[in-house]
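Worksheet for the structure shown next.
Numbering (the working numbering), first residue to last: 508 to 579.
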């Protein structure tokens, strides 16, 4: 099985953002009785983390590609 290279900075950034956004959501949704809204918010936050990390990786790849084109 092939191993994936993981940029540790991106991974830490994604985890910190997810934790902070989840904690913020918990405080904002604290007055809501029941867990359904909070669980939905958690899933929304996690999907945003995935999207933002993917976009950041895309920008990183474009920057790397642009640098390699300038060196040629």
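Cβ atoms here follow ideal geometry from the backbone N, Cα and C, with glycine treated the same way.
When DSSP labels each residue in this structure, what does residue i get in the three-state scheme?
{"i": "residue 564", "result": "helix"}
{"i": "residue 552", "result": "helix"}
{"i": "residue 512", "result": "coil"}
Please work out which residues of its chain come closer than 8 angstroms, Cβ to Cβ, to residue i, disregarding the five sequence neighbours upstream and downstream, and give them in chain order.
{"i": "residue 552", "result": "525, 528, 529 and 532"}
{"i": "residue 563", "result": "517 and 520"}
Less than 7 angstroms between C-beta atoms, sequence neighbours within five positions excluded: which residues of the same chain meet that for residue i?
{"i": "residue 576", "result": "none"}
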